[in-house]
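**Q** According to our numbering, the residues represented by the sequence shown are 2 to 294, in order.
C-beta: ideal position from N, C-alpha, C; glycine also.
All of these numbers come straight from a predicted model, not from anything done at the bench.
The structure under discussion is supplied below as structure tokens; questions concerning it will follow.
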Amino acid sequence: IVTDPGLAKIGVQKPLEEALTAGGIEWKLYAEAQLEPSMDSIQHCTDEAKAFGADVIIGFGGGSSMDCAKAVGACAVKPNQSLAQMKGILKVHKKLPLLMAVPTTAGTGSETTLAAVITDADTRYKYAINDFPLIPRYAVLDPKVTLSLPPFITATTGMDALTHAVEAYIGNSTTIDTRRDALKAVKLIFENIDIAYEHGDNIQARRNMLHASFYAGCAFTKSYVGYVHAVAHSLGGQYNVPHGLANAILLPLVLREYGSCIDKKLHRLAIAAGLADKNTPDHEATELFIRAI
Numbered sequence: 002i003v004t005d006p007g008l009a010k011i012g013v014q015k016p017l018e019e020a021l022t023a024g025g026i027e028w029k030l031y032a033e034a035q036l037e038p039s040m041d042s043i044q045h046c047t048d049e050a051k052a053f054g055a056d057v058i059i060g061f062g063g064g065s066s067m068d069c070a071k072a073v074g075a076c077a078v079k080p081n082q083s084l085a086q087m088k089g090i091l092k093v094h095k096k097l098p099l100l101m102a103v104p105t106t107a108g109t110g111s112e113t114t115l116a117a118v119i120t121d122a123d124t125r126y127k128y129a130i131n132d133f134p135l136i137p138r139y140a141v142l143d144p145k146v147t148l149s150l151p152p153f154i155t156a157t158t159g160m161d162a163l164t165h166a167v168e169a170y171i172g173n174s175t176t177i178d179t180r181r182d183a184l185k186a187v188k189l190i191f192e193n194i195d196i197a198y199e200h201g202d203n204i205q206a207r208r209n210m211l212h213a214s215f216y217a218g219c220a221f222t223k224s225y226v227g228y229v230h231a232v233a234h235s236l237g238g239q240y241n242v243p244h245g246l247a248n249a250i251l252l253p254l255v256l257r258e259y260g261s262c263i264d265k266k267l268h269r270l271a272i273a274a275g276l277a278d279k280n281t282p283d284h285e286a287t288e289l290f291i292r293a294i
């Protein structure tokens with residue numbers, strides 16, 4: 002079980018541990034997943050997993066814990082190759098041990114993506130490993146594990162999910178499915194993020210935000226993201242700016258920079274968000290959507 006020190010300290014993973022024990026399944030907890038997973042910490046986790054003889058890896062936590070779990074799986078099946086050598090697209094191409102993801106934040110979408118984002122501790126450079134075996138076999142969307150999220154993290158991870166959905170939708174590599182998933186995500190986020198922020202114990206709002214994050218993850222893992230993420234990753238790698246916060250600040254700025262070429266697409270997103278209707282002029286709907294963000 003791969004999680005971070007903060008979650009382990011408050012014991013969010015305890016019900017999982019108890020369920021595994023009750024089922025007669027041996028388990029070991031690695032609670033040192035870093036906010037920005039580094040090559041050293043991933044290697045340390047891989048060594049512990051090998052020593053334990055793990056045949057299943059569960060990423061339990063936010064995007065960092067899930068990315069760490071994915072990278073551990075990649076290292077396990079490619080022991081003679083460094084993470085840096087797996088950087089880029091389709092460099093893993095080996096079946097990982099059974100990989101499961103339990104997101105405790107509603108934002109990163111890592112439970113459904115083929116990417117693991119790694120930070121080089123020396124250069125502060127962030128890079129992604131992208132390959133189909135990194136998609137978790139199972140994603141467990143349990144709103145109960147998100148109830149303890151403080152408002153700030155609720156907000157920033159929710160805005161991360163919104164950025165995934167918006168960038169996936171406005172890009173030029175979309176499909177009918179990815180556009181549908183992005184619209185679902187935008188609708189759910191606009192309807193629920195304020196409720197989840199103000200009333201963290203609202204289980205339905207938490208559930209809806211988890212679903213929104215999942216749909217947004219499905220959309221962007223096939224349709225990619227854009228300039229918002231490009232800059233946000235640089236800020237995160239260099240200055241440790243929380244990824245969702247960087248996205249939240251950059252998203253309206255970058256959308257304005259794109260100009261009128263995305264007005265029609267933002268109009269459709271504004272309708273999904275409940276901010277406009279089909280009779281609203283494109284430029285007005287765009288302005289309403291950007292201001293709402």
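Nearest-angstrom Cα distance between I196 and V57?
**A** The straight-line gap from Cα to Cα measures roughly 36 angstroms.
**Q** So for Y128, helix, strand or coil by DSSP?
**A** It is a strand residue.
**Q** I need the DSSP call for G62, collapsed to helix, strand or coil.
**A** Strand, per DSSP.
**Q** Counting only runs that start and end within the segment 246–284, where is the alpha helix (DSSP H) found for 4 or more residues in a row?
**A** Fully enclosed alpha helix (DSSP H) runs of 4 or longer: 264–273.
**Q** Could you check what DSSP says for V13 in three-state terms: helix, strand or coil?
**A** Here V13 sits in coil by DSSP.
**Q** If you reduce the DSSP assignment to three classes, tell me which class I154 lands in.
**A** Three-state result, I154: helix.
**Q** For Y225 and G172, what's the separation of their Cα atoms in angstroms?
**A** The alpha-carbon atoms of Y225 and G172 are separated by roughly 8 angstroms.
**Q** Considering A107, what are the terminal residues of the beta strand (DSSP E) in which it resides?
**A** Premise fails: A107 is in no beta strand (DSSP E) and is neither H nor E.
**Q** So the beta strand (DSSP E) V187 belongs to, where does it begin and stop?
**A** From DSSP, V187 is part of no beta strand (DSSP E) but of the alpha helix (DSSP H) over 177–199.
**Q** Within a Cβ cutoff of 6 angstroms, which residues of the same chain sit near A213, ignoring the five residues on either side of it in sequence?
**A** Excluding residues within five positions, the ones whose Cβ falls inside 6 angstroms are A162, A186, L189, I190.
**Q** Helix, strand or coil for S235 per DSSP?
**A** In the structure shown, S235 sits in a helix (DSSP, three-state: H, G or I).
**Q** Quick one: Cα of A70 to Cα of H234, how far?
**A** Taking the straight line from one Cα to the other gives about 20 angstroms.
**Q** Determine, using beta carbons only, whether A129 and V118 come nearer to each other than 7 angstroms.
**A** In this structure, V118 lies closer than 7 angstroms to A129 by Cβ.
**Q** Measuring alpha carbon to alpha carbon, tell me which residue in A293, G237, A271 is nearest A286.
**A** For A286, the nearest C-alpha among the options comes from A271.
**Q** Got a sec? Which residues, its chain only, sit under 6 angstroms from A102 by beta carbon, not counting five neighbours each side?
**A** So the qualifying residues of the chain are G60, M67, E112, P137, A140.
**Q** Confirm, please, whether the CB-CB distance from L142 to A273 is below 7 angstroms.
**A** No, the Cβ-Cβ distance between A273 and L142 is not below 7 angstroms.
**Q** If distances are taken between C-alpha atoms only, which option among I194, D182, G218, A220 comes closest to R208?
**A** With distances taken between Cα atoms, R208 lies closest to I194.
**Q** Report back the beta-carbon spacing between M127 and G237 to the nearest angstrom; my notes put them in contact at under 8 angstroms.
**A** In the sequence as presented, Met is not what sits at residue 127; that position holds Lys. Contact flag correct, Cβ pair sits at about 6 angstroms.
**Q** Within 10 angstroms of the Cβ of E168, are there 16 or more other Cβ atoms? Answer buried if so, exposed if not.
**A** E168 is buried by the Cβ-count criterion.
**Q** Less than 7 angstroms between the C-beta atoms of G1 and T164, yes or no?
**A** As shown, the chain starts at 2 and ends at 294. That puts residue 1 outside it, with no answer to give.
**Q** Among all the DSSP beta bridges, which residues are the ones paired with M101?
**A** Per DSSP, I59, Y139.
**Q** Take P73 and list the residues in its own chain whose beta-carbon comes closer than 8 angstroms to its own, dropping the five residues that flank it on each side.
**A** Reading the sequence as shown, one finds Val at residue 73 and not Pro. For V73, where only same-chain residues beyond five positions count, the Cβ hits under 8 angstroms are V3, I43, C46, T47, A50, I58.
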